[in-house]
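What follows is a short report on a single structure.
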Amino acid sequence: MATHSMTRIGNTPEENHTVERAKYLLNNKLNWLSPSSLLHSKGGRDFGRSIESSLIEISKGEVKRLQLRKRDTAVVMSVAHYEELVDMKEMYSVLVKKLQEKEIAEAANAYEVLYQRIISPASKRAADDLFSATGEELRASYQAGATETK
2 MATHSMTRIG NTPEENHTVE RAKYLLNNKL NWLSPSSLLH SKGGRDFGRS
52 IESSLIEISK GEVKRLQLRK RDTAVVMSVA HYEELVDMKE MYSVLVKKLQ
102 EKEIAEAANA YEVLYQRIIS PASKRAADDL FSATGEELRA SYQAGATETK
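Heads up: take any position in the sequence shown, counting from 1, add 1, and you land on the working numbering.
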């Protein structure tokens, strides 16, 4: 019976590029991203009254946390910041897909190794010996295991 050799996914140039791009996004593009508790807070009324100046601050890279009745209700960011998050979401999807492919390839490789062991000449000899053994030979080779009682 012929077997197909499974391709192992490793560090291909495409994978390295994907990982490097993800590192770049995390380390260089998303520095502005921080917990909402650390953002400059602005009340909804104040934001609305001075919306033009608030939007100018946001377009320059500031991210604001808006409050309504002293409760956090929204985070306002520039379109550029939003696009960086969208890029990160796409990158996350690519990385998850690549990880799934790698896990599938590793599992397939493990099954291939097991299959090769099963069809090996040594395994065939062991099975032939087992099925051709006499009752006396089987009794002589028996050793009680830890789960068996005497």
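Ideal Cβ positions, reconstructed from N, Cα and C, are used throughout, including at glycine.
key: Euclidean distance between Cα positions of residue 116 and residue 89   = For this step, residue 116 is matched to residue 115 along the sequence shown. For this step, residue 89 is matched to residue 88 along the sequence shown. Distance between the alpha carbons of residue 116 and residue 89 is about 40 angstroms.
ask   = residue 22 and residue 92 look like a contact to me (Cβ under 8 angstroms); what is the Cβ gap, rounded to whole Å?
value = Residue 22 sits at position 21 when you count from the first residue of the sequence shown. Residue 92 sits at position 91 when you count from the first residue of the sequence shown. Correct: roughly 6 angstroms between the Cβ atoms.
query = Exposed or buried, what is residue 82 when buried is set at 16 or more other beta-carbons lying within 10 Å of its beta-carbon?
reply = Translated into positions along the sequence shown, residue 82 becomes position 81. Its Cβ being crowded by 16 or more others within 10 Å, residue 82 is buried.
ask   = Span of the alpha helix (DSSP H) holding residue 141?
value = To locate residue 141, count along the sequence shown from 1; it is residue 140. Note, residue 141: alpha helix (DSSP H), 136-142.
key: Host beta strand (DSSP E) of residue 70 (start-end)   = Walking along the sequence shown from the start, residue 70 turns up at place 69. No beta strand (DSSP E) contains residue 70, which DSSP labels as neither H nor E.
query = Apart from the five residues on each side of it in sequence, which residues of its chain come closer than 7 angstroms, Cβ to Cβ, to residue 19?
reply = Numbered from its first residue, the sequence shown carries residue 19 at position 18. Correct list, in chain order: 95, 96 and 99.
query = What separation, rounded to the nearest whole angstrom, lies between the Cα atoms of residue 74 and residue 66?
reply = On the sequence shown, position 73 is the one that residue 74 refers to. On the sequence shown, position 65 is the one that residue 66 refers to. Looking at the two C-alpha atoms, the distance is approximately 8 angstroms.
task = Report the residue from 85, 137 and 60 whose alpha carbon sits nearest the alpha carbon of residue 28.
result = Numbered from its first residue, the sequence shown carries residue 28 at position 27. Checking every option, the nearest Cα to that of residue 28 belongs to 85.
request  = Output yes or no for whether 8 angstroms exceeds the beta carbon distance between residue 40 and residue 87.
outcome  = Locating residue 40 in the sequence shown gives position 39, where the first residue counts as 1. Locating residue 87 in the sequence shown gives position 86, where the first residue counts as 1. The answer is no: Cβ separation not under 8 angstroms.
key: residue 132 burial status per 10 Å Cβ neighbour count (16 or more: buried)   = Counting from 1 along the sequence shown, the entry for residue 132 is found at position 131. Classification of residue 132: exposed, given that the 10 Å Cβ count is below 16.
query = Which two residues bound the contiguous alpha helix (DSSP H) that contains residue 49?
reply = In the sequence shown, residue 49 corresponds to position 48, counting from 1. 45-50 is the extent of the alpha helix (DSSP H) around residue 49.
query = In whole angstroms, what is the alpha-carbon distance linking residue 37 and residue 68?
reply = Position 36 of the sequence shown, counted from the first residue, corresponds to residue 37. Position 67 of the sequence shown, counted from the first residue, corresponds to residue 68. The straight-line gap from Cα to Cα measures roughly 11 angstroms.
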